[in-house]
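**Q** Using UniProt numbering, the first residue of the sequence shown is number 1, and each one after it goes up by one.
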Amino acid sequence: MAASVVQLIIMTMILALSASLVIIIVGKLLFSMWVLPCLAYRKLKANGFSGPKPSFPFGNLNDIKRLKMMMTRSSSPLMSISNDIHSTAFPYFSLWQKLYGKVMVYWVGTEPFLYIADPEFLKEMAADIKGKGWGKPNVFKHDREPMFGSGLVMVEGDDWVRHRHVITPAFSPANLKAMGGLMVESTTHMLDRWAGLINSGQSEIDVEREIIRTAGEIIAKTSFGISYENGREVLEKLREMQFTLFESNRYVGVPFGKFLNLKETLKAKALGKEIDGLLWSIISDRRKNPPTSGEPEKDLLGLLMADNTVDGRKKRELTTKELVDECKTFFFAGHETTSLLLTWTLLLLAVHPEWQNDLREEINQVLGDGGEIRDVSMLAGLKKMGWVMNEVLRLYPPAPNVQRQSRQEIQVGEVVIPNGTNMWIDVVSMHHDEKLWGKDVHEFKPERFNANIYGGCNHKMGFLPFGFGGRMCVGRNLTAMEYRIVLTRILSTFSFSLSPNYRHQPSHMLSLRPMHGLPLIFKPLPIN
Ligand code: HEM
Ligand SMILES: *[C@@H]1O[C@H](CO)[C@@H](O)[C@H](O)[C@H]1NC(C)=O
Ligand SMILES: *[C@@H]1O[C@H](CO)[C@@H](O)[C@H](O)[C@H]1NC(C)=O
Numbered sequence: 001m002a003a004s005v006v007q008l009i010i011m012t013m014i015l016a017l018s019a020s021l022v023i024i025i026v027g028k029l030l031f032s033m034w035v036l037p038c039l040a041y042r043k044l045k046a047n048g049f050s051g052p053k054p055s056f057p058f059g060n061l062n063d064i065k066r067l068k069m070m071m072t073r074s075s076s077p078l079m080s081i082s083n084d085i086h087s088t089a090f091p092y093f094s095l096w097q098k099l100y101g102k103v104m105v106y107w108v109g110t111e112p113f114l115y116i117a118d119p120e121f122l123k124e125m126a127a128d129i130k131g132k133g134w135g136k137p138n139v140f141k142h143d144r145e146p147m148f149g150s151g152l153v154m155v156e157g158d159d160w161v162r163h164r165h166v167i168t169p170a171f172s173p174a175n176l177k178a179m180g181g182l183m184v185e186s187t188t189h190m191l192d193r194w195a196g197l198i199n200s201g202q203s204e205i206d207v208e209r210e211i212i213r214t215a216g217e218i219i220a221k222t223s224f225g226i227s228y229e230n231g232r233e234v235l236e237k238l239r240e241m242q243f244t245l246f247e248s249n250r251y252v253g254v255p256f257g258k259f260l261n262l263k264e265t266l267k268a269k270a271l272g273k274e275i276d277g278l279l280w281s282i283i284s285d286r287r288k289n290p291p292t293s294g295e296p297e298k299d300l301l302g303l304l305m306a307d308n309t310v311d312g313r314k315k316r317e318l319t320t321k322e323l324v325d326e327c328k329t330f331f332f333a334g335h336e337t338t339s340l341l342l343t344w345t346l347l348l349l350a351v352h353p354e355w356q357n358d359l360r361e362e363i364n365q366v367l368g369d370g371g372e373i374r375d376v377s378m379l380a381g382l383k384k385m386g387w388v389m390n391e392v393l394r395l396y397p398p399a400p401n402v403q404r405q406s407r408q409e410i411q412v413g414e415v416v417i418p419n420g421t422n423m424w425i426d427v428v429s430m431h432h433d434e435k436l437w438g439k440d441v442h443e444f445k446p447e448r449f450n451a452n453i454y455g456g457c458n459h460k461m462g463f464l465p466f467g468f469g470g471r472m473c474v475g476r477n478l479t480a481m482e483y484r485i486v487l488t489r490i491l492s493t494f495s496f497s498l499s500p501n502y503r504h505q506p507s508h509m510l511s512l513r514p515m516h517g518l519p520l521i522f523k524p525l526p527i528n
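1) Which same chain residues, not among the five before or five after alanine 40, have their C-beta less than 8 Å away from its C-beta?
2) When DSSP builds the beta bridges, which residues end up paired with leucine 114?
3) Mind checking methionine 461: buried by the 16 CB within 10 Å criterion, or exposed?
4) Proline 524: buried (16+ other C-beta within 10 angstroms of its C-beta) or exposed?
5) Going by alpha carbons, who is nearest to histidine 516 out of Leu61, Arg448, Val22, Arg209?
6) Using DSSP's beta-bridge definition, name the partner residues of glycine 135.
7) Any contact between the region 51-58 and the region 359-378? By contact I mean 3 or more CB pairs, one from each, below 8 Å.
8) Taking the alpha-carbon positions, what's the alanine 3 to isoleucine 23 distance?
9) Taking only heavy atoms of ligand 3 into account, decide whether any of them is closer than 7 Å to the Cβ of phenylalanine 171.
10) Rounded to the nearest angstrom, what separates lysine 102 and proline 91 at their Cα positions?
11) Rounded C-beta distance between serine 94 and histidine 86? I'm assuming under 8 Å.
12) Given 7 Å as the limit, tell me if asparagine 419 has its C-beta closer than that to any heavy atom belonging to ligand 2.
13) With H, G and I counted as helix, E and B as strand and the rest as coil, what does DSSP make of isoleucine 373?
14) First and last residue of the beta strand (DSSP E) that includes leucine 498?
15) At what residue ranges does the region 215-254 contain a whole run of the alpha helix (DSSP H), taking only runs of 4 or more?
16) Quick check: the Cα distance between leucine 29 and leucine 36, rounded to an integer number of angstroms?
17) Inspect the CB distances between the region 244-257 and the region 338-350 and report whether three or more fall short of 8 Å.
18) Which class does methionine 515 belong to by DSSP, given the choice of helix, strand or coil?
19) Excluding the five sequence neighbours on either side, which residues of its own chain have a C-beta within less than 8 Å of the C-beta of methionine 147, listed in chain order?
20) Where does proline 169 fall in DSSP's three states?
21) Give a yes or no on contact between the region 468-477 and the region 125-134, applying the rule of three or more CB pairs nearer than 8 Å.
22) Taking three-plus beta-carbon pairs below 8 Å as touching, is the region 386-396 in contact with the region 444-453?
23) From alanine 399 to tyrosine 483, what distance separates their C-alpha atoms?
24) Could you check if glycine 334 belongs to the surroundings of ligand 1, using beta carbon to heavy atom distance under 7 Å?
25) So for threonine 309, helix, strand or coil by DSSP?
26) Return the CA-CA distance between arginine 513 and alanine 306, expressed in angstroms with no decimal places.
27) Tell me whether arginine 193 counts as near ligand 2, meaning its Cβ is closer than 7 Å to at least one heavy atom of that ligand.
28) Note down the Cα distance separating serine 20 from valine 26, rounded to an integer number of angstroms.
29) So what does DSSP say about isoleucine 283, is it helix, strand or coil?
30) Suppose contacts are defined by Cβ-Cβ distances below 8 Å. Is valine 108 in contact with glycine 180 by that definition?
31) Please report how far the alpha carbon of tryptophan 437 lies from the alpha carbon of glycine 475, in whole angstroms.
32) Going by C-alpha to C-alpha distance, which of Arg213, Glu156, Glu120 sits closest to proline 137?
33) For asparagine 62, which residues of its own chain have a beta-carbon under 8 Å away from its beta-carbon, when the five flanking residues on both sides are left out?
34) With a 10 Å radius around its C-beta and 16 neighbouring C-beta atoms as the bar for buried, classify glutamate 217 as buried or exposed.
35) Measure the alpha-carbon distance for glycine 381 versus leucine 359 and round it to whole angstroms.
36) How is valine 415 classed by DSSP in three states: helix, strand or coil?
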């Protein structure tokens, strides 16, 4: 009798305890997922920012999904090649801009984002903030952990300073020059492959796939000192990860959104682990077999692994996890964007054969007939090619947006951006803004970059293909060299036109990609 009373009391206590635990947990969750974002939103609203009405807990994700779907359904294979891509690749931003202006607030799940497509606002906002003072949105850092971890793209503060110091020397002019030979070699492999296909009667080639492979080979060799075969598994798994994280409409920013996309979440995690393992074996191989030449390694992996002693103290060393994450970041960032830049260039040159001819002429003038690259420093003389590169970066920026999170309160004129505000800077929108570039904004006109490094844009921050401020892309000089080498060799070997099978659908999948590849028809150049 007494025993069961005690039992009853204990049971009741356990029940009461678990009930209050549940209440505390739910309360905490509601606080962080509902109250805090709402407070942040109220502050933004009080400062005059408006935007589309969010719903809990999806924010505006369902609007984005709906507008994207409408756009995909309405695009037909016969769609002509229009460079006016903002309204097709980002229909939601295009619509919201018209309703709420070029600076507004929209919601990624329960996270408010300050959307910015106004270069003057951006300039005032960024004026006093150093690279070290910027954050990257926590919500993305979390979601993309298997892909970037704490690599340079994501780290902040003093850690960012340390990583950036270790990495910057890898892109010194001397190091870049040393990479030139390997770049030429990989490009030659690719062109030999193409010549083989063309000789056997196949003149249509999906150049997107081909160039991604070559850029992957180049990053594997130049940054990690390994062959394409050894880097291939890493590259393939990274691509699979990209498709897993960005192809489906995942519920990023939605509380427990992970569970709504359980399959993708688990797959990304597993891929991340596998890639880490592969990179580990590349790193330990290097430890076991250091380069024999006696010269210290100057490639990226060598620099990352070196004990960077400063005044006798080891200050700049990376931890093991940081080392792996940095390798992962570079494997991906080092080839994806460059190959997309080349791919979009080939599309525009296929549609504008007059520019193929202009560039060929320039190549022959600067490098001699046949365009053999004997000395990479001569590539700097390819001025028109530089304009073409900038014009393609303008129309089809491979990195179509830049993301930030404020780590302090920021005053912009009359308004205050609260500490912790997420920001989404819409680069595509600014690059396609008639007010900034003029009536011919959607036309392919490389000459606009002649004599004006801003391409005639009437605002210095209206052209941001590599980002802005201290966190600007570290790889841009490597890209500029690789671009010139690959394009020079292609133009000196073939002429090309667009295949009737091409379907124009630039899409946002972290980067800006041609959704259906880029089939081109190639012809060997007549030997004269
Ligand atoms: C066409 C080629 C490329 C484009 C369009 C591009 C674009 C960008 C952009 C927009 C950013 C963000 C800047 C910001 O937040 O303000 C960035 C950062 C970065 N890029 Fe690139 N990139 C390219 C090539 C490369 C290459 C070849 C590498 C490496 C070999 C690379 C490595 C990085 C890294 C590590 C960062 C982070 C820098 C930091 O936060 O300090 N990128 N890039
Ligand atoms: C901004 O917020 C973060 C996180 O809440 C905090 O750690 C940081 O100290 C704040 N910064 C300033 C300048 O108040
Ligand atoms: C790229 O090269 C230019 C000029 O050669 C130099 O001023 C700049 O610092 C370099 N940028 C990077 C990120 O290495």
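Each residue gets a CB set at the ideal place from its N, CA and C atoms; glycine is no exception.
**A** Per the coordinate set shown:
1) Pro112, Pro418, Gly420, Thr421
2) Val105, Met423
3) buried
4) exposed
5) Arg209
6) Gln405
7) no
8) 30 Å
9) yes
10) 14 Å
11) 5 Å
12) yes
13) coil
14) 494-498
15) 228-246
16) 10 Å
17) no
18) coil
19) Leu238, Met241, Gln242, Leu245, Ala268, Gly272, Lys328, Phe332
20) helix
21) yes
22) yes
23) 16 Å
24) yes
25) In this predicted model, threonine 309 has a pLDDT of only 48, less than 50, meaning its place in the structure is not dependable enough to derive any value.
26) 36 Å
27) no
28) 10 Å
29) helix
30) no
31) 26 Å
32) Glu156
33) Ser55
34) buried
35) 12 Å
36) strand
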